[in-house]
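Going by the working numbering, the residue at position 227 of the sequence shown is 271; the numbering climbs one at a time, nothing skipped.
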Amino acid sequence: MKISRKITKDEILVEFRGVADLLLSKAESRDPKKLAEFLNKGIQAHKVGLITQVKEKGIEKDWDNHELLHVILLLTHAANVVMLEYRNRVWKYDYMAFSRRIGELWEPFCKLCWALPVGRKITFFDPPTYDDVKDIISNGLVKFVDTTVLTLLEKKEIFKYFELIWELVASGDIQLKNDLHFESNGTYYNIDFKSGFGSNEKGNTNRLLMVGSIYKKLNPNYNNIIFVRAAEEENNHYLKTLKKSDIWTVYCGNETYQQIEILTGFPLKRWIEQNITWDKDIEPETMRYLNETNLAQYLKW
Numbered sequence: 045m046k047i048s049r050k051i052t053k054d055e056i057l058v059e060f061r062g063v064a065d066l067l068l069s070k071a072e073s074r075d076p077k078k079l080a081e082f083l084n085k086g087i088q089a090h091k092v093g094l095i096t097q098v099k100e101k102g103i104e105k106d107w108d109n110h111e112l113l114h115v116i117l118l119l120t121h122a123a124n125v126v127m128l129e130y131r132n133r134v135w136k137y138d139y140m141a142f143s144r145r146i147g148e149l150w151e152p153f154c155k156l157c158w159a160l161p162v163g164r165k166i167t168f169f170d171p172p173t174y175d176d177v178k179d180i181i182s183n184g185l186v187k188f189v190d191t192t193v194l195t196l197l198e199k200k201e202i203f204k205y206f207e208l209i210w211e212l213v214a215s216g217d218i219q220l221k222n223d224l225h226f227e228s229n230g231t232y233y234n235i236d237f238k239s240g241f242g243s244n245e246k247g248n249t250n251r252l253l254m255v256g257s258i259y260k261k262l263n264p265n266y267n268n269i270i271f272v273r274a275a276e277e278e279n280n281h282y283l284k285t286l287k288k289s290d291i292w293t294v295y296c297g298n299e300t301y302q303q304i305e306i307l308t309g310f311p312l313k314r315w316i317e318q319n320i321t322w323d324k325d326i327e328p329e330t331m332r333y334l335n336e337t338n339l340a341q342y343l344k345w
C-alpha cells in the first residue's frame, strides 16, 4: 500500500482485511479468546508499522500536523473496524464486551489529537505518585506541628495516627494517573476519558472524586476534565454526581469534541462526520449482527 496524503479509507480497509486474513490462516490456536487476542495484536502491530511509515513520509514531504493526523486517524479507524469485524467473526460480541471495547478504542483515537496538535503548544507531564503526595502533605504537617505548643510526646502521638491514616489509604492502592496530563499556555490539565457511565461505575466515580480532590488541594489551578463519548442523557446518576462536584468539569457528546478542538486545534468532530460511516465501513455480515443485537448503538462517535 502506497502512503500518500490522498490515501483513501477503502484502500486502507483492504490492506487491513488482507492482513487479518493472513493472520487467521497462520493462527495455531482455535480457542476463540486466544484467536481474538492474536488477531488484535497482529492488526495493531501492522497499524503501528504503517503509522511509522506515515511519519517518515511526512518528514520527507514536509507534511504539517493536520495532514499527518488526517492519515493517521484514517489508519486508526480502519484498524479499529477490522479488529471489530474479525473479533466478532471468531468470538461473537455480547453487550459488555462490545461496550467496553468501544471505550477502549475511542480513548486512544481521541488522544491522537494531542500527539499532533494543530497550532497549539502542548507539553506532557508526569502526574504525582502516591509517595509524592504523601511527602508533600507529611512535610506540611511537620512544619505546622512544629509551630504549636504541643509537647514532644503529643507531637509523636499525632504523627503516629497520621501514619496509620496513610497506611489505611495506601491499602486502597490509589492510582493518581489519569488518561492525559499536559500543560498548555501555562495551564495544567488532568484529563480522563469515559465511553459512558453505566450501572457499575460507583467505584470509578469515587476514585475520580478522590483523585480530583487531591489534585485540587495540591494546586487549585489544575483543570480536571472528564470527556465522555456518550451524550449526557445516555448516562446515569454517577455522571451527575461528578458534574455537580466542584472538582471535575464534565463534557459529553458533542461538547467533548468542541473542547478537544479548543485544546488541540484539530476539528475532530468534523473529521469524524466527513470520514467515518460505521454502517458502511463495517462489512455487512458484522453490521447485521450488531444491528440485530442492538450493539450498533455504541457506534456513535
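C-beta atoms are modelled at their ideal positions from N, C-alpha and C, and glycine is treated no differently.
- The Cβ-Cβ distance between residue 87 and residue 116 does not fall below 9 Å.
- In chain order, 231, 232, 233, 234 and 293 place their CB closer than 8 Å to the CB of residue 267, counting only its own chain and leaving out the 5 sequence neighbours on each side.
- Counting along the chain, the unbroken alpha helix (DSSP H) around residue 282 starts and ends at 281 to 288.
- In this structure, the CA atom of residue 135 is about 24 Å from the CA atom of residue 56.
- At a Cβ-Cβ threshold of 9 Å, residue 185 and residue 203 count as neighbours.
- The three-state reading of DSSP puts residue 139 in helix, counting H, G and I together.
- Put simply, of 222, 247, 207 and 315 the residue whose alpha carbon is nearest the alpha carbon of residue 259 is 222.
- DSSP places residue 84 inside the alpha helix (DSSP H), whose first and last residues are 76 to 105.
- With a cut-off of 8 Å on Cβ pairs, the region 280 to 292 is not in contact with the region 309 to 317, counting fewer than three such pairs.
- Straight through space, the alpha carbons of residue 138 and residue 102 are spaced by roughly 40 Å.
- For residue 239, no alpha helix (DSSP H) segment is defined, and its DSSP state is neither H nor E.
- Taking the CA atoms as reference points, residue 246 sits about 31 Å from residue 78.
- Residue 200 counts as exposed, since fewer than 16 other beta carbons sit within 10 angstroms of its beta carbon.
- Taking a cut-off of 8 Å for Cβ pairs, the region 139 to 159 and the region 119 to 128 touch, as three or more such pairs fall below it.
- Inside the region 132 to 214, DSSP marks whole alpha helix (DSSP H) runs of 4 or more residues at positions 139 to 159, 174 to 190 and 196 to 214, from first to last along the chain.
- In this structure, the alpha-carbon of residue 278 lies about 20 Å from that of residue 250.
- If you keep only unbroken beta strand (DSSP E) runs of at least 3 residues inside the region 261 to 322, you get 267 to 272 and 293 to 296.
- The shortest C-alpha to C-alpha distance from residue 270 to any of 238, 191 and 263 is the one to 238.
- By the neighbour-count criterion, in which a residue is buried when 16 or more other Cβ atoms sit within 10 angstroms of its Cβ, residue 59 is buried.
- Assigned with DSSP and collapsed to three states, residue 57 falls in helix.
- By DSSP's assignment, residue 121 forms no beta bridge with any residue.
- Taking C-beta atoms as the reference points, residue 145 and residue 131 count as a pair closer than 9 Å.
- Listed in chain order, the non-local C-beta contacts of residue 331 below 6 Å within the same chain comprise 323, local neighbours out to five positions each way being set aside.
- With distances taken between CA atoms, residue 82 lies nearest to 66 out of 66, 344 and 227.
- In the structure shown, the three-state DSSP call for residue 337 is coil.
- For residue 227, the enclosing beta strand (DSSP E) covers residues 224 to 228.
- As computed with DSSP, residue 232 is found in a beta bridge with 227.
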